[in-house]
Amino acid sequence: MTLEQLALENHGYSYAFLDEFAKRELRRRILKAIALPGYQVPYASRELPIARGWGTGGLQVTLSLVGPEDVVKVIDQGADDSVNAANLRRFITRVSDAASTTDATQATIIQSRHRIPEERLHEGQVLVLQVPDPEPMRSVEHDISRAREMHADADYGLLWLALYEQLVRYRRVTQGASYPVMVHKRYVMSPSPIPRWDTPKLHQAAHLTLLAAGREKRLYAVPPYTDVYPLEFTDVPFKVEDQRGWVCIRTGAQNKFMNEIPNEDGTSTHEMSDTGYIEKLLNAQPGDTYYDNNGNFYIRGYIRS
Amino acid sequence: MRPTQTATEAASRATFLALMGALSRPGMIHSLPGDPQGDELRTFVAIGKALLDLETSYYTPEALLSRKLALTGAKGRNPAQAAYHFYPHLYAEDLTAIEQASVGDYLYPDRGATVMIGCRFGERAGQCMQLSGPGVLNQSPESRIQVSDVPLEFWRQRARRIHYPMGFDAYLIDGQKVIGLPRSTKVELEAVPCM
Amino acid sequence: MYVAARGGEGAIQNAEALYNDLKAPIDADVVRAIERTMPYLIDRVMGEGSLYAPELAALALAQTGGDLYEAVLILRAYRSTQPRLAYAEPVTTKMLFTVRRISAAFKDIPGGQVLGPTLDYSHRIFQLDVLDGKAAATATFTPDTPDAPEPVQPVAPREYPLVADWHRMAGLMAPLEKHADQDPSDVPDVTREPLLFPAPRAERLQSLSRADTGGILALGYANMRGYGAVHPTINELRLGYAEVQVRHPISGDLISLGRVRVSQAEIVTHFANSATGVFGANKEKRQNHKEELALGFAATMGWNEIKVIAAAMLDKAMDLPAPHPAHTEEFVLYHTDPVEASGFCIHYKLPHYVTFASGMDAMRGANQIAGDEGKSVSEQPEAELVAEAQE
């Protein structure tokens, strides 16, 4: 090795922005997270030049993984071209020289806020989910030290009780997004605020999912082929959002997660939330999806309702 | 201005990606970067460079490796305190060190140690093992591994020390090849060879 | 339509261009002027940014149009990219080159009260002459080269004794615990590890040091007004310069990297051990025990008087048993980080239509059930549902 190989022009900032100490720390924590599916690993969480709470946890994970040969997809609410997604993608590609794509099946790393793509991800892909609040028990226990003890004891009684109270009060579970899940029969985990439609996609998935909260300084993982079950009562099965009959105005597709767009006359128009999938439907042959055109999930029997 | 990776940064990242892949898919062999003709400590040194710095600690019974790992800035510690253990060869007497390796606690199981073990894969004389748990696809070829040069007692010790979620995570290393065994993987010893 | 903000890259670049049109362009002179004329602002940004770099702090302020939270974020983000090359030698209070130290506990103190630079006794009236183009005589304050008033003594003392040392000599305060020399890499560090509770005191003081000035003031003030049982007196407030020394990696010699402005406050409170309940149910200890003064402490990079006073009170108040949220360690430290609090506040500007839709679905579903049964949700009787938990 020569001195020239070692020395670089001074660019002001390191490759992929974070210095090597920060990357090593993240990488050590990511490995522990994979060894403990669903367990929240505390990490230092460096500040990034993006506002805290705008995906800096996911961004730190992406920056610790990304290399020049990577192909990155960034989505927010399912869309590649929403301003926040565009901004994060611009930052990642600027500091790493990685390529970008809107095609979920072509990406090596997918960083997402609030959605998992409709097309089935494959082995070797990494899905990075941005997490605002990693603690699934926040609504029943705001003290994080106490919540950690409850995780240690696998004491999830309060969460079950909260679901039961919803049933008693409203005759159905009213939890919207961020539906709590049990991972590898041990830790209850917040899957980040993905809609319930996306929750089953984490179960026995072929890809690795890394979830990171920058502000709250916790990261966690769902390795490939890991059991992930929503908390559900035997006689009150978990339900995904009921969008039956909603038709995408751009593609005519049904049984994919839709945005509802209000019309002036009080009615609504519907459009698929996954813009990368819309593009593929319009221009190419899309890959297999988690839900077929009739709304059946690909793992039969997993969704019981 | 194009962001540029140094050779060191690129090697660290490639090593980490191999470890991450290995840990995500226990039993599946992943390849570590580097020169396959290098000395026998090379992969352990490369892993040290990828994971260690002055904010963490290591233990190894090998004096030469210890000197090389010290260059990362990491603190050499006794087996009970070290976050990363390196055993280029695992001898029976090293099992007392592994016995002391941290398994974390119920509040912070992530404080459990990481153990790197040199061994051989796929040799006829090896011990056949059936793996199950997160990342292991049932009935897949990689769910059965054949490993030699690891004392049989290690596997019993591992089973005894791991009370999931507490436990230690292991990487088996044969030259450039690595297999990850997170604590979540259940290992069953088979009476007959895999092949 | 909000979704039209999906202009992607073009939209965000235009938005930044519009911001740049809003203000006059900046150059090196503007940055210098900010650095020289606004030392307290610079110090506040450096303290919260936890990076001592006056020039970069000035640039951050210039670049962000003076948005404090944005300026702090730029410093913190830059800090993330800087490797840790060495640990500096510890600095003790005695070693500070002190320019201001006051104690409210005594009329006079060993070494004397030193008023130093302060606006405390200035009349808060405009120097309107400045607007008329006349230079105000008093408007040239530069902390690094103070216009020395008539000196009391020809040479300022190199060190001032600590007021707390007098308390200790007089037996009013517990002696300092002797600490063995600590490996600097073993000092807990909030920039390298996440904050966990109960936090080591080092991490508590570090968090207070880089906390949001306004947030610390609000919670500190809540304590002062009566939500805390701490009745504090300022034992000693200091502004000074600390010399940053490191060991040369080869020769091992101590070398100076320069001086940084620092501020620190100590507050004392009476009957400290009873107030903090450190003896709990241990009656015997309580009976044999002598009442003592207890210290609360805070220090920051840069001169931030209000923040160190409020933070020192919070430091003491956080030891109270059964605390009010205004002085619970987790509550105080988690909610006063400027970058985290401001970032989360503005993240609500991001689209949330997926989560909103998911919530709408649940609400429509609940209304549908209620409608089917001819009742609105709020009129539902408590249903007798028995559910079994399943693994």
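Chains as they are written, first to last, in my numbering: chain A, 100 to 404; chain C, 779 to 973; chain R, 524 to 914.
Glycine included, each C-beta is placed from N, C-alpha and C at the ideal position.
Worksheet item: Using a Cβ cut-off of 7 Å, which residues of the stretch 131–149 of chain A contact any Cβ in chain C, in chain order?
Response: Listed in sequence order: Lys131, Ile133, Ala134, Leu135, Pro136, Tyr138 and Val140.
Practice prompt. Specify the secondary structure class of Asp952/C as computed by DSSP and reduced to three states.
Written response: strand
Worksheet item: Tell me, which residues are paired with Leu967/C by DSSP?
Response: Met907/C
Worksheet item: Hey, how far is the Cα of Ile807/C from the Cα of Ile293/A?
Response: Our two residues, Ile807/C and Ile293/A, have alpha carbons roughly 33 Å apart in a direct line.
Worksheet item: Could you give the distance in angstroms between the alpha-carbon of His250/A and the alpha-carbon of Leu719/R?
Response: Each residue's Cα considered, the two are about 15 Å apart.
Practice prompt. Quick one: give me the first and last residue of the alpha helix (DSSP H) that Leu582/R is part of.
Written response: For Leu582/R, the enclosing alpha helix (DSSP H) starts and ends at Pro577 to Gln586.
Practice prompt. Can you grab the Cα-Cα spacing for the pair His847/R / Val855/R, in whole Å?
Written response: Cα to Cα, the separation comes out at about 10 Å.
Fill in: Short CB-CB distance (under 9 Å) between Thr155/A and chain R
Chain R, which has a Cβ nearer than 9 Å to the Cβ of Thr155/A, makes this yes.
Worksheet item: Under a three-way DSSP split, which group does Val928/C fall into?
Response: Here Val928/C sits in coil by DSSP.
Discussion item. Looking at the secondary structure, which residues open and close the beta strand (DSSP E) in which Glu766/R lies?
Written reply: Thr756 to Arg770
Discussion item. Just to confirm the assignment: which complete alpha helix (DSSP H) runs, minimum length 4, are found wholly within the stretch 203–287 of chain A?
Written reply: 243–251 and 256–269
Worksheet item: What residues in its chain sit with their C-beta under 6 Å from that of Lys853/C, if we drop five residues either side in the sequence?
Response: Apart from the 5 residues on each side of it in sequence, Lys853/C sits with its Cβ closer than 6 Å to the Cβ of Ser835 in its chain, given in chain order.
Worksheet item: If you drop the 5 nearest sequence neighbours on each side, which residues of the same chain put their C-beta closer than 7 Å to that of Glu331/A?
Response: Phe337
Discussion item. Considering only the alpha carbon of each residue, which of Tyr884/C, Thr821/C and Ile957/C lies closest to Ala800/C?
Written reply: Ile957/C
Discussion item. Below 8 Å on the Cβ atoms is my contact criterion, and I expect Leu309/A with Val227/A to pass it. Report the Cβ-Cβ distance as a whole number of Å.
Written reply: 5 Å
Item to complete: Report the residue ranges of all alpha helix (DSSP H) runs contained in full by the stretch 322–400 of chain A; include only those spanning at least 4 residues, in chain order.
Response: 374–382
Worksheet item: If you measure beta-carbon to beta-carbon, which residues of the stretch 693–720 of chain R are closer than 9 Å to chain A?
Response: Asp712, Val713, Thr714, Arg715, Glu716, Pro717, Leu718, Leu719 and Phe720
Fill in: Cβ-Cβ separation, Leu125/A to Tyr142/A (assumed contact under 8 Å), whole Å
6 Å
Worksheet item: Considering Asp175/A, what are the terminal residues of the beta strand (DSSP E) in which it resides?
Response: Val170 to Asp175
Worksheet item: Residues of chain A with a CB under 8 Å from the CB of Ile597/R: which are they?
Response: Neighbours of Ile597/R on chain A, chain order: Pro148.
Item to complete: Answer with buried or exposed for Phe629/R, where buried requires no fewer than 16 other C-beta atoms within 10 angstroms of its C-beta.
Response: Taking all protein chains shown into account, Phe629/R has fewer than 16 neighbouring C-beta atoms within 10 Å of its C-beta and is therefore exposed.
Item to complete: List the residues of chain A that Val914/C touches, going by C-beta distances under 7 Å, in chain order.
Response: Tyr324
Discussion item. Suppose you measure from the CA of Thr782/C to the CA of Trp153/A; what does that come to, to the nearest Å?
Written reply: Roughly 26 Å between the two C-alpha positions.
Worksheet item: If we ignore side chains and look at the alpha-carbon of each, how far apart do Ile398/A and Pro323/A end up?
Response: About 15 Å.
Worksheet item: Where does Ile149/A sit, in a helix, a strand or coil, going by DSSP?
Response: coil
Item to complete: Answer with buried or exposed for Ala121/A, where buried requires no fewer than 16 other C-beta atoms within 10 angstroms of its C-beta.
Response: With 16 or more neighbouring CB atoms inside 10 Å of its own CB, Ala121/A falls in the buried class.
Discussion item. Quick check on Tyr592/R: does DSSP put it in helix, strand or coil?
Written reply: helix
Worksheet item: Is it buried or exposed for Tyr794/C, if we count other Cβ within 10 angstroms and need 16 for buried?
Response: Reading the sequence as shown, one finds Phe at residue 794/C and not Tyr. So Phe794/C ends up on the buried side.
Practice prompt. Return no unless some Cβ of chain R is closer than 9 Å to the Cβ of Lys853/C.
Written response: yes
Worksheet entry | Residues near Ala804/R in its chain [Cβ-Cβ closer than 8 Å; skip 5 each side] | Annotation note: pLDDT 46 at Ala804/R (below 50); position unreliable, no value reported.
Discussion item. Only counting the same chain, and skipping five residues up and downstream in sequence, which positions put a Cβ closer than 7 Å to that of His283/A?
Written reply: Pro136, Gly137, Thr325 and Asp326
Worksheet item: Quick one: is Gln605/R near chain A, going by C-beta distance under 9 Å?
Response: yes
Worksheet item: With burial defined as no fewer than 16 other Cβ atoms inside 10 Å of the residue's Cβ, what is the status of Lys546/R: buried or exposed?
Response: Result: exposed.
Practice prompt. Taking the CB atoms as reference points, tell me whether Val965/C and Leu909/C lie closer together than 9 Å.
Written response: yes
Worksheet item: Between Ile565/R and chain A, is there a C-beta pair that is closer than 9 Å?
Response: Chain A places no beta carbon closer than 9 Å to that of Ile565/R, leaving this residue out of the contacts.
Worksheet item: What did DSSP end up calling Pro848/R once you bin it into helix, strand or coil?
Response: helix
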